[in-house]
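Reviewing the structure listed below.
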Amino acid sequence: MSARVIAIANQKGGVGKTTTTLTLAAALALRGKRVLVMDLDPHANASVHLSFFPETLEATAYDLFQAESVDAALFERILKRGLAGGFDFVPGHIRLSELEVDLRDRKNKGLILTEALELKRGEYEYVLLDCPPHVGILLVNAIVASDLVLIPIQTDFLALYGIRLLFDTIRLLNRVLPKSVCYMALPTMYDQRTAACRRILRIMRDKLGERVFGTVIHFDTKFRESSAGGKVIFEIDPKARGALEYMQLAKEIDTNENP
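Following this line, the structure appears as structure tokens:
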């Protein structure tokens with residue numbers, strides 16, 4: 001069975017993108033799925049969260065994009081297997097930011113990740129891509145390689161306004177790709193006590209309809225605790241509200257192949 005590739009993307013920072021990537025990966029693993037996470041963000045937040053410091057690593061995701069062709073041996077060099085969260089991991093590196101220049105003249109540069117993942121699609125059931133917060137070669141590679149673009153959206157007016165850039169990118173790609181990009185929005189950092197959050201959630205559901213997950217991720221201080229400890233929330237408190245909500249999201253994704 002071929003892995004389902006999910007790109008977690010938003011061009012605004014601070015919306016829960018890395019938290020969503022790592023927590024959803026752990027939730028899917030708890031459901032018995034084989035999961036690979038790739039950190040494609042030059043800030044390498046997911047890598048640092050998991051205590052993989054790019055300057056200490058022999059090879060990272062950067063090497064995948066630099067190689068003329070990717071073989072199984074290269075993938076094994078960059079792969080970190082059997083993390084405590086239950087998933088495998090490919091760390092990122094700050095040098096990913098250099099790819100705009102490095103790949104300027106390379107043919108089919110938007111398909112590099114798609115071709116590299118062909119080596120691993122049979123090994124995993126899910127591949128989750130933590131994307132950079134800006135349009136460029138990395139985000140295009142991730143969207144082109146994905147079966148679903150998952151967009152975490154903080155229930156805040158500025159965050160909602162900011163996703164127009166991402167939708168513009170998706171529309172542009174839809175003009176040239178053989179099949180349309182499938183996307184779903186995930187409301188994050190929700191606080192039902194505030195009228196502003198409730199209003200933004202209503203606007204999201206009105207504007208995007210079935211493109212919004214039924215699951216809503218509430219604000220939970222346990223996410224900060226787990227991040228500070230280099231862990232995912234299930235290792236800190238598996239019964240925390242945030243943990244239960246990401247388990248619900250994993251179930252929603254896992255039982256609906258084409259949301």
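The opening position of the sequence shown corresponds to residue 1 in full-length UniProt numbering, with each subsequent residue numbered one higher. Note that beta-carbon positions come from the ideal geometry of N, C-alpha and C, so glycine has one too. Bear in mind the structure is a predicted one, so any value in this text is a computation, not a measurement.
Pairwise C-alpha distance: residue j and residue i
| i | j | result |
| --- | --- | --- |
| L30 | V135 | 32 angstroms |
| T21 | L201 | 21 angstroms |
| D41 | Y183 | 19 angstroms |
| N256 | G242 | 21 angstroms |
| A240 | D102 | 44 angstroms |
| L36 | P91 | 11 angstroms |
| L172 | K179 | 12 angstroms |
| L208 | T56 | 43 angstroms |
| V212 | E118 | 29 angstroms |
| Q248 | D105 | 44 angstroms |
Residue i in three-state terms, based on DSSP
| i | result |
| --- | --- |
| Y124 | coil |
| P259 | In this prediction, P259 scores a pLDDT of 48, lower than 50, which makes its location untrustworthy; the coordinate-derived value is nonetheless stated afterwards. Residue state, collapsed to three classes: coil. |
| L57 | coil |
| F234 | helix |
| L177 | coil |
| I253 | helix |
| K12 | coil |
| F167 | helix |
| T188 | strand |
| R4 | strand |
| H49 | helix |
| K207 | helix |
| D65 | The question names Asp, but residue 65 in the sequence shown is Phe. Reduced to three states, the DSSP call for F65 is helix. |
Same chain only: Cβ atoms within 8 angstroms of residue i, ignoring 5 sequence neighbours per side
| i | result |
| --- | --- |
| L74 | A59, D63, L64 and A67 |
| K251 | R31 |
Minimum C-alpha distance to residue i - residue among the options
| i | options | result |
| --- | --- | --- |
| D220 | D191, A228 and E235 | D191 |
| K12 | L165, L36, S146 and A72 | L165 |
| L186 | I163, L111 and L99 | I163 |
| L158 | M38, R171, D254 and V15 | V15 |
| K120 | D237, V5 and Y246 | V5 |
| E100 | R198, V212, I137 and T194 | I137 |
| H218 | E123, T194 and R205 | T194 |
| R95 | F53, M204, E123 and R224 | F53 |
Own chain partners of residue i with C-beta closer than 7 angstroms, once the 5 adjacent residues on each side are dropped
| i | result |
| --- | --- |
| I8 | K17, T20, T21, L128, L129, D130, C131, L150 and P152 |
| G85 | L22, A25, A26, A29 and V232 |
| G122 | S2 |
| S227 | H49 |
| L83 | L50 and F89 |
Chain-order list of residues whose beta-carbon lies under 6 angstroms from that of residue i (same chain, five-residue window excluded)
| i | result |
| --- | --- |
| V176 | none |
| L148 | I6 and C182 |
Whole-number beta carbon distance between residue j and residue i, since they are thought to touch under 8 angstroms
| i | j | result |
| --- | --- | --- |
| Y126 | A3 | 6 angstroms |
| I143 | I170 | 7 angstroms |
| M38 | A72 | With 8 angstroms as the limit, M38 and A72 do not qualify as a contact, their Cβ atoms being about 16 angstroms apart. |
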